[in-house]
Amino acid sequence: MQARKIRYDVIGLTETRRHRPLNATFDTGEELFLGTRHSRGVSGVGVLLNTNLAMDIDSFEQPTSRIGRLRLRRCGSTPALTSFVAYAPASSYDDEEVEVFYMDLEKFYRGDHTSYKKRTPKPVINWDIFNWDTSLAGFWEDAVVDVEYDRLVQHLRDSARKAEGSTATKGRLSHETLELIRQRGVSRGNYQLTSELAKPCREAIKEDLKERRAAVLAEAAEAGKSIRNARRDFAN
37 MQARKIRYDV IGLTETRRHR PLNATFDTGE ELFLGTRHSR GVSGVGVLLN TNLAMDIDSF
97 EQPTSRIGRL RLRRCGSTPA LTSFVAYAPA SSYDDEEVEV FYMDLEKFYR GDHTSYKKRT
157 PKPVINWDIF NWDTSLAGFW EDAVVDVEYD RLVQHLRDSA RKAEGSTATK GRLSHETLEL
217 IRQRGVSRGN YQLTSELAKP CREAIKEDLK ERRAAVLAEA AEAGKSIRNA RRDFAN
């Protein structure tokens with residue numbers, strides 16, 4: 037198996053595209069979890085665990101088709117550990133769907149209430165180039181693994197910045213608007229329903245931002261601050 041050629045604890049997997057979840061144990065003792073795909077036939081996440089962690093698995097669940105959560109009873113010196121596998125939407129997806137993804141990721145992360153000890157990070161490799169409906173194939177040289185790890189680190193940093201921006205946007209939108217956005221994201225497999233929700237979503241977002249902008253400018257005026265600077269800060 038290709039995973040034997042590298043050192044790893046947990047490998048995050050994406051684009052599993054399965055109708056049903058799968059849990060399998062290899063002859064080597066490695067444990068595999070594959071989640072289900074989106075109704076559009078894409079996405080799905082999973083994890084592959086090394087033999088040394090297989091006995092410490094508490095659970096693996098997939099809250100959404102792009103987010104997986106692995107709980108371990110212990111990991112080395114850490115008594116308990118929760119790991120997330122996150123498969124972010126590409127830039128070609130609608131802003132609303134991207135925002136919903138980061139909102140979900142933040143919700144599941146904050147809701148887990150897991151504390152982590154500071155420790156040396158170990159490589160976590162995203163093998164989305166493999167088709168898990170068949171088998172792992174090919175060979176990665178050490179240099180390629182290093183490049184992939186660097187890409188993952190950069191991706192996580194970018195994700196953190198986007199999540200911060202998503203949190204700010206979330207504060208500007210009402211609960212009703214966020215619910216519309218979520219419904220549209222869930223219904224993307226239904227073209228008619230997606231189209232029907234698109235216009236109400238745009239109008240609700242526009243109205244919320246308009247009200248929020250007026251409130252920000254009013255607060256600036258009452259505080260004797262520059263209206264121009266307040267308008268610029270809000271736009272940013």
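Under the working numbering, think of the first position of the sequence shown as 37, with each following residue one higher.
For each residue, glycine too, the CB sits at the ideal point set by N, CA and C.
All values derive from a computational prediction rather than experimental measurement.
For residue i, count neighbouring C-beta atoms within 10 Å of its own C-beta (all shown protein chains included) and say buried if the count is 16 or more, exposed if not.
i      : result
Asn265 : exposed
Ala259 : exposed
Gln98  : buried
Phe96  : buried
Gly147 : exposed
Glu135 : buried
Ile47  : buried
Thr50  : buried
Ile42  : exposed
Thr203 : Residue placement at Thr203 cannot be trusted, given a pLDDT of 49 that sits under 50; the coordinates are not used to answer.
Just checking my contact of residue i with residue j at CB under 8 Å: how many whole Å lie between their CB atoms?
i      : j      : result
Leu68  : Leu84  : 5 Å
Arg53  : Gly82  : About 10 Å separates the two Cβ atoms, so there is no contact after all.
Gly80  : Thr72  : 6 Å
Ile103 : Ala122 : 6 Å
Leu233 : Ser223 : 6 Å
Tyr44  : Asn86  : 6 Å
For the alpha helix (DSSP H) containing residue i, list its first residue and its last residue.
i      : result
Ser231 : 227-258
Ile217 : 211-222
Asn88  : 87-90
Between which two residues does the beta strand (DSSP E) carrying residue i extend?
i      : result
Ile93  : 93-100
Ala122 : 117-122
Phe62  : It is not in any beta strand (DSSP E) - Phe62 carries neither H nor E in the DSSP assignment.
Val46  : 46-50
Gly104 : 103-108
Less than 6 Å between C-beta atoms, sequence neighbours within five positions excluded: which residues of the same chain meet that for residue i?
i      : result
Glu133 : Pro125, Gly221
Ile127 : Sequence inspection shows Ser at residue 127; the Ile mentioned does not correspond to that position. Excluding sequence neighbours, Ser127 sits near nothing in its chain.
Ser210 : Asp244
Leu229 : Ser223
In chain order, what residues of the same chain have a beta carbon less than 7 Å from the beta carbon of residue i, not counting five sequence neighbours either side?
i      : result
Thr100 : Asp140
Arg109 : Asp92, Asp94, Ala116
Ile263 : Leu253, Ala256, Ala257
Does the Cβ of residue i lie closer than 8 Å to at least one heavy atom of the ligand MN?
i     : result
His55 : Annotation note on the ligand MN: not contained in the displayed structure, which lists no ligands.
So, for residue i: in the same chain, excluding its five sequence neighbours on each side, which residues have a beta-carbon less than 8 Å away from its beta-carbon?
i      : result
Phe120 : Ile103, Gly104, Arg105, Leu106, Leu141, Phe144, Tyr145
Thr61  : Glu67, Leu68, Ala90
Cys237 : Glu132, Thr213, Leu216, Ile217, Arg220
### Message
Within 8 Å, do at least three Cβ pairs link the segment 126-141 to the segment 217-229?
### Response
Verdict: yes, contact present.
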